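> This is the structure I have questions about; it appears just below.
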Amino acid sequence: MSKPVMAALLSCSGPVLTAAEKELFARANPLGISLFSRNIKTPEQLAELVRSVRQAIGRDDVIIAVDQEGGRVRRLGEPHWLPYAAAIDLGALPLPQARRAAELHAVLIAHDLKQLSINMNFAPVLDLIHPDTSPVLKSRCLNASELVVSDLGSVMIQAYINSGICPCIKHLPGYGRANVDPHLHLPQIDTQLSDLAADFLPFQKNAGCPAGMTAHIIIRTIDGQQPITSSSAGIKRLIRGTLNFNGLLISDAIDMHALSGTIAEKARAALAAGCDCICYALGDLSEMEALAAACPPLTDAALSRLEKIRRIISAPAPATDIKKLREEYNRIIGTIEPYCDDYDATEVLNQLKHKGEK
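In structure tokens:
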């Protein structure tokens, strides 16, 4: 009888898996891990880290996930990997070129990930740009038009799937109206549901995506007390109901300061509200031990949703002339300068956490 799969994507502390992390992963059998900048140094090192994680967990369907959106949010960065345009630059192109650029963007990133045995990308972002969208999110959004975002999001989702990478749309049901960074604060909006129809549309139009990530945001007309990640009304009524999303629902990182409580309390609340699994980002062994004690196995419904993901990530990489596609991508969007902003919200949280422990 196979061991139950823990309803969590964990993380690791550095570029090499420690003996304690190997033991925990083998014992807890998490759904997989998420990779962050601290885990990534070179292609060879990263390939070995992924191999070690897979060996420790010991399943063929281990999820190895990463945020490789392009622009500011890219874990695989220069000089070892080529840069990709920010979503806002893709969405600013005339629509025919934007659609092709979005397709090439996903195909090329998928190729990079597949080479490293990474099988899930936390992308595309389907949040809309609003006048007060937080600066930490704005460049990650494709456009202010729900129709453009719906269309380009659909193109990218299909390109990832065709390339053997599972896409994960974010942030359900929409972060665009948030004017603060949820890594540090809890966004709250009072907008009426009828006025949120445009924000919801890209998620509704792409409800068939195999995976999605929640938003840590309070929408008062849905739940005035709990952020969507921890709100039964937010998930069951809105995400599963109004948006009709039936993919694997992953919490945004529960380490973020938008959520309150201990790590175990946050995880329990998200799972009780209806998330299929939680995402934990900071790689702290004691917190991961607490999660191992708090998180139940994936539910039958989550396992059913996981089957679609398994079929996608088990597919071989398609034969593609990557050099030719890269040249076409660059012709459409122009030369991409290496992104110089070192702001990484997850690592900021990591630094804050360790500063507080001193």
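Okay, so the sequence shown: first residue is 1 according to the working numbering, each after it adds one.
We put the beta carbon where it would ideally sit given N, CA and C, even for glycine.
Since this is a predicted model, take the numbers as computed values, not measurements.
Pairs of beta-carbons, one from the region 181-191 and one from the region 158-166, closer than 8 Å: are there three or more?
The answer is no - the region 158-166 does not touch the region 181-191, with fewer than three Cβ pairs under 8 Å.
> Identify which residue in I109, P94, T320 has its Cα closest to the Cα of L82.
In the sequence shown, the residue the question calls residue 82 occupies position 82. Closest by alpha carbon: I109.
> Would you tell me roughly how many angstroms separate the C-alpha atoms of L142 and G176, rounded to the nearest one?
As a first step, residue 142 must be located in the sequence shown, where it is residue number 142. As a first step, residue 176 must be located in the sequence shown, where it is residue number 176. Looking at the two C-alpha atoms, the distance is approximately 11 Å.
> Look at N244 and C168 and say whether their C-beta atoms are less than 8 Å apart.
Here residue 244 refers to the residue found at position 244 of the sequence shown. Here residue 168 refers to the residue found at position 168 of the sequence shown. In this structure, C168 does not lie closer than 8 Å to N244 by Cβ.
> Once DSSP output is grouped into helix, strand and coil, what is the label at K205?
Here residue 205 corresponds to residue number 205 of the sequence shown, with the count starting at 1. Reduced to three states, the DSSP call for K205 is helix.
> Would you call the region 302-322 and the region 47-65 touching, i.e. three or more CB-CB distances under 8 Å?
Flag = yes, the region 302-322 and the region 47-65 touch.
> Tell me, to the nearest whole angstrom, how far the beta carbon of D132 is from that of N179; I am working on the premise that it is less than 8 Å.
Residue 132 sits at position 132 when you count from the first residue of the sequence shown. Residue 179 sits at position 179 when you count from the first residue of the sequence shown. Right, the Cβ-Cβ distance comes to about 4 Å (below 8 Å), so this counts as a contact.
> Following the continuous beta strand (DSSP E) through S34, name the residue where it begins and the one where it ends.
For the purposes of this step, residue 34 is identified with residue 34 of the sequence shown, where counting begins at 1. Note, S34: beta strand (DSSP E), 30-35.
> Tell whether a beta-carbon distance below 8 Å holds between C166 and P210.
Taking the first residue of the sequence shown as 1, we reach residue 166 at position 166. Taking the first residue of the sequence shown as 1, we reach residue 210 at position 210. Result yes, Cβ atoms of C166 and P210 sit closer than 8 Å.
> What's the C-alpha gap between L95 and A102?
The residue you call residue 95 lines up with position 95 of the sequence shown. The residue you call residue 102 lines up with position 102 of the sequence shown. Going by the C-alpha atoms only, they are around 10 Å apart.
> Cutting at 8 Å between CB atoms, please list the residues of its own chain near A26, excluding the five before and the five after it.
On the sequence shown, position 26 is the one that residue 26 refers to. Taken in chain order, the residues that qualify are A56, I57, G58.
> Under the rule that 16 or more other beta-carbon atoms within 10 Å means buried, what is K358, buried or exposed?
The residue you call residue 358 lines up with position 358 of the sequence shown. With a pLDDT of 41 at K358, under the threshold of 50, the modelled position of this residue cannot be trusted; read the value that follows with caution. Looking at its Cβ environment, which holds fewer than 16 other Cβ atoms inside 10 Å, K358 is exposed.
> What alpha helix (DSSP H) runs, 4 residues minimum, are completely inside the region 137-172?
Fully enclosed alpha helix (DSSP H) runs of 4 or longer: 146-162.
> For the alpha helix (DSSP H) containing D89, list its first residue and its last residue.
Against the sequence shown, residue 89 aligns to sequence position 89. Element bounds for D89: 87-91.
> Using alpha carbons as the reference points, say which of A123, L172, H130 lies closest to G153.
Locating residue 153 in the sequence shown gives position 153, counting from the first residue. Considering only alpha carbons, the answer is A123.
> Beta-carbon separation of D380 and S117 under 8 Å?
Any property of residue 380 remains undetermined from this structure, which presents the chain solely from 1 to 358.
> Tell me where the beta strand (DSSP E) around N11 begins and ends.
Residue 11 sits at position 11 when you count from the first residue of the sequence shown. A small fix is needed here, since residue 11 is Ser in this sequence, not Asn. Unbroken run through S11: none, as it is neither H nor E.
> Expressed to the nearest angstrom, what Euclidean distance is found between the alpha-carbon atoms of G70 and R140?
Within the sequence shown, the letter at position 70 stands for residue 70. Within the sequence shown, the letter at position 140 stands for residue 140. Approximately 8 Å, taken between the alpha carbons.
> In chain order, what residues of the same chain lie with their CB nearer than 7 Å to the CB of T18, ignoring the 5 residues before and after it?
Locating residue 18 in the sequence shown gives position 18, where the first residue counts as 1. Within the same chain, T18 has no close Cβ partners at all.
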